[in-house]
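Heads up, the thing below is written out as structure tokens.
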Amino acid sequence: MRGVAAELAFERSYEAARRGRSERAPVWLERVREEAWQAFAERGLPTRRDEDWRFTSLAPLEGLDFAAPQPGEVPAEQLAAARERVGSALLLVISNGQFRREQSQIGGLSVESLDGAMSTGRLGLGSVLDPKRSPLSALNTALQSGGVFLEIAATQVESAAIHVLHWLDGGAPQAVNPRVHVVVRAGASATLVEHFVGASGSRGFSNSGTELVVERDAHLRYVQVQEFPESAFHVSSLATHQATGSRVELASIALGGRLARVEIRSTLSGERAELEVNGLYLGRGVQHQDHHTTIDHAAPRTTSRELFKGMLDGRAHGVFHGRVHVRPDAQKIDAAQTNRTLLLSDGAVLDSKPQLEIFADDVKCSHGASIGQLDPDQIFYLRARGLDLERARALLSFAFASELLAKLPLETLRESLERTLLAWLPLGAAS
Amino acid sequence: MSDAMLEIRNLHVRVEDKPILRGVDLVIRAGEVHAVMGPNGSGKSTLANVLAGREGYEVTQGSVLFRGKDLLSLAPEARARAGVFLAFQYPVEIPGVGNSYFMKAALNTVREARGLPTLDAIDFLKLVKQKAKELEMDETFLSRSVNEGFSGGEKKRNEILQMSLLEPALAVLDETDSGLDIDALRIVADGVNRLRSPERAVLAITHYQRLLDYLVPDRTHVLIGGRIAKSGDRGLAIELEKRGYAWIEAEAP
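Protein chains in written order, with the working numbering: chain A, 1 to 431; chain B, 1001 to 1253.
So this is what it looks like as structure tokens:
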């Protein structure tokens, strides 16, 4: 550690938590936590000298003396608004990193406290989301508590989408480390929306960890909607493990946050596993939107499709780093990656880095990236039919981004995000 | 000349510092159809684009009046609202924007500018389906993205569909006949003919005289080297078809 204020705050939190639980926790669990903490403490918060953080600087949060997570309810008004957005009956509320059963609507779901599942040895820690892979997932592994374990049995009702609402309070900035562990049992099917919202003006830091285990022939649709206020910090470490014949559709909709980074690590460990990863990032003002994805083709005949699109305005900075890794014995792989970004202003910046690491020979792998402005020929065509410049720009921007929203599984969510997108578009900004 | 729909006087236009139009004079009155023909590179498409207001065309001399008012000072959308329509030579594809949504937005914008009530979704659909039927277009075109995946001929029909919805006072057709088979050509020409009226005018830019078999022009002009080298009646177009352009180039001063 370099000893910046944020690191010292994390250290205080870690020491306090360790003192509080030392008597009851199983030895193995303490060891995993301790190792994770050491992994973080050794390097501290990453800097731009770290290759994986070349385009993203955590400097804006380093100086914040974060408070430990405070217990708190989601205010009724925000809770209602969030529920209306997603339109799902099943709700898990996680407030400042802590699962709030009394605010949740769990219906017939199998929901357990993560601490409970781990202390009885039903669940390990760090086997899916590997704390050694990234300093922020190490930090989450060391500090997480109060998380939730969700199990989707094969008998699960297909249509029931599950809304996991993460709330981050305002006031003195808190650092929270929510953790969600989901297992979709063999043959089961589920839709999960992980939704991040916070109090207006919050300068808190949400450093979440999400583990998705998808067993044989199971099917999971996962959407992350991040709409923190543009003052908050967000790092989401997301790991998926897929067994034979399973299918996963991931989507990340990154709208909010002052500085936001989504790290996705997907492992296709069973044959014929299929993965689709889609992302939409919007940035304006001084927002920073980073997606860092790794798709690990660890078994033969696995396929992945990845499409990330972004629109950046003002002085926003976008990052897309897409790694595709094909292991030596993983033949007959089909992988495609695309990243397209519209820069709506002269001050906006995008760094795009595809990275293909292919160690097998019978592989179909493609990638493409484009960065640009709206097409002047399309703008002229619309204007020649009477639409003014602002309307033409808005219409074309909407068309560009809505391709991703159209892929989302829930109609209510899709429509409400389309309205958000329309409201976001710089209608008046005719630059 | 109060009855002039379009009055082009001594128009000089540069594209990337290269003079393309070098003194075009052309007057079109309400009710008339004019054809402009000419070899490749003579400036035909430049004329169409400069009338519609595309960027990158620098007017260095001359004037264009539309219904007595300066056209060149207007933004492209203002020209469209005032009643100028360009049927594009190469209509652009716009993935993600629904053809029907786009045409409704365009029609209502233009109607509003003309002081007409806007159409709701149901009335619009009724109107556009009827127009599409006249052009023998399948209704599925309406639900697709603008021009996306359309064949060359389908794109041209889509242009004429938009024209028949917007009912412009002046329609400029930029090689609308190119890439059309003979049946499509007749359908498209019928669409233009339906629009003809004493209050409207058409400027048809074309390579071939076969469009003019269906769309009988009042005047035919030959554009060579950025100037109108010769004007005549319909007979001129037929003569050009037989003899080519060389004899006019030889005659030209």
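Using N, Cα and C, we set each Cβ at its ideal position, and we do this for glycine too.
Predicted, not measured: the structure shown is a model, and the values here were computed from it.
Open item on the list: Output needed for ALA175 of chain A: all residues of its chain with C-beta closer than 6 Å, excluding positions within five of it in sequence on either side, in chain order.
Closed with: PHE66 and PHE205
Task: Proximity of VAL164 of chain A and ILE94 of chain A at Cβ, strictly below 8 Å - done: yes
Task: C-alpha distance - ALA188 of chain A paired with SER246 of chain A, whole-angstrom precision - done: 10 Å
Open item on the list: Measuring alpha carbon to alpha carbon, tell me which residue in A:PRO328, A:PHE196, A:SER231 and A:LEU29 is nearest ALA81 of chain A.
Closed with: With distances taken between Cα atoms, ALA81 of chain A lies closest to A:PHE196.
TODO: Establish whether the CB of TYR14 of chain A and some CB of chain B are separated by less than 8 Å.
DONE: no
Task: Members of the stretch 384-403 of chain A near chain B, C-beta cut-off 9 Å - done: ALA384, ARG385, GLY386, LEU387, ASP388, LEU389, ARG391, ALA392, LEU395, LEU396, PHE398, ALA399, PHE400, ALA401, SER402 and GLU403
Task: Residue environment, GLN355 of chain A, which counts as buried when at least 16 other CB atoms sit within 10 Å - done: Around the Cβ of GLN355 of chain A, a 10 Å sphere holds fewer than 16 other Cβ atoms; the residue is exposed.
Task: ARG261 of chain A beta carbon less than 8 Å from that of THR56 of chain A - done: yes
- [ ] Determine the extent of the beta strand (DSSP E) in which ALA1004 of chain B is found, giving its start and end residues.
- [x] 1004-1015
Open item on the list: Quick check: ALA1169 of chain B and ARG1200 of chain B, are their CB atoms within less than 8 Å of each other?
Closed with: Yes. Within cutoff.
Open item on the list: I believe GLU194 of chain A touches HIS166 of chain A by the beta-carbon criterion, under 8 Å. Please report the beta-carbon distance rounded to the nearest angstrom.
Closed with: 7 Å
Open item on the list: Residues of chain A with CB closer than 9 Å to the CB of ILE1094 of chain B, please, in chain order.
Closed with: ASP375, GLN378, TYR381, LEU382, LEU395, LEU396 and ALA399
Task: Enclosing alpha helix (DSSP H) for VAL27 of chain A [first to last residue] - done: 27-43
Task: Identity of the residues DSSP links to LEU212 of chain A by a beta bridge - done: As computed with DSSP, LEU212 of chain A is found in a beta bridge with A:VAL182 and A:THR240.
TODO: With DSSP as the reference, label ILE264 of chain A as helix, strand or coil.
DONE: strand
Open item on the list: Check whether the stretch 1083-1098 of chain B and the stretch 1129-1138 of chain B are in contact - that is, three or more C-beta pairs closer than 8 Å.
Closed with: no
Open item on the list: Please report whether the beta-carbon of GLN1162 of chain B lies at a distance below 8 Å from any beta-carbon of chain A.
Closed with: yes
Task: the ligand GTP heavy atom lying under 7 Å from the CB of PRO1076 of chain B - done: The ligand GTP is not part of the structure shown, which contains no ligands of any sort.
Open item on the list: Considering only their Cβ atoms, is the gap separating PRO71 of chain A from GLN105 of chain A smaller than 8 Å?
Closed with: no
- [ ] Determine the chain A residues that contact ALA1052 of chain B at a beta-carbon separation under 7 Å, and present them in chain order.
- [x] ALA384
Task: Contacts of LEU1086 of chain B in chain C (Cβ-Cβ under 7 Å) - done: The structure shown contains no chain C; its protein chains are A and B.
Task: CB contact below 8 Å: THR1109 of chain B versus chain A - done: Judged by the 8 Å Cβ criterion, THR1109 of chain B is in contact with chain A.
TODO: State the Cα-Cα distance for the pair ARG1234 of chain B and LEU1215 of chain B, rounded to the nearest angstrom.
DONE: ARG1234 of chain B and LEU1215 of chain B have their C-alpha atoms spaced approximately 10 Å apart.
- [ ] Using the Cα positions of LEU1051 of chain B and ALA401 of chain A, report the straight-line distance between them to the nearest angstrom.
- [x] 33 Å
- [ ] List the DSSP bridge partners of ARG323 of chain A.
- [x] A:THR294 and A:GLN355
Task: PRO376 of chain A burial status per 10 Å Cβ neighbour count (16 or more: buried) - done: exposed
- [ ] Please list the partners that PRO1076 of chain B has in chain A, where partner means a Cβ-to-Cβ separation under 7 Å.
- [x] PHE380, ARG383 and ALA384
Open item on the list: Check whether the stretch 1032-1050 of chain B and the stretch 1208-1227 of chain B touch, using three or more Cβ-Cβ pairs below 8 Å as the test.
Closed with: yes
Task: Alpha carbon of GLU1154 of chain B to alpha carbon of SER1197 of chain B, nearest angstrom - done: 26 Å
TODO: Could you spell out where the beta strand (DSSP E) holding MET311 of chain A opens and where it closes?
DONE: 303-312
Task: C-alpha gap between ALA25 of chain A and ALA76 of chain A, whole angstroms - done: Straight across, the Cα-Cα distance linking ALA25 of chain A with ALA76 of chain A is about 35 Å.
Open item on the list: Please list, in chain order, the chain A residues whose beta carbon lies closer than 9 Å to that of ARG1081 of chain B.
Closed with: GLY386
Task: Any C-beta of chain A under 8 Å from that of VAL1015 of chain B - done: No, VAL1015 of chain B lies away from the interface with chain A (no Cβ there is under 8 Å from its Cβ).
Task: Under 7 Å from the C-beta of VAL1033 of chain B: neighbouring residues of chain A - done: Chain A residues near VAL1033 of chain B: none, gap ~21 Å exceeds 7 Å.
Open item on the list: I'd like to know if VAL1097 of chain B contacts chain A, where contact means its C-beta is closer than 8 Å to some C-beta of that chain.
Closed with: yes
Open item on the list: Between A:LEU255, A:SER237 and A:SER345, which has its C-alpha nearest ASP313 of chain A's C-alpha?
Closed with: A:SER345
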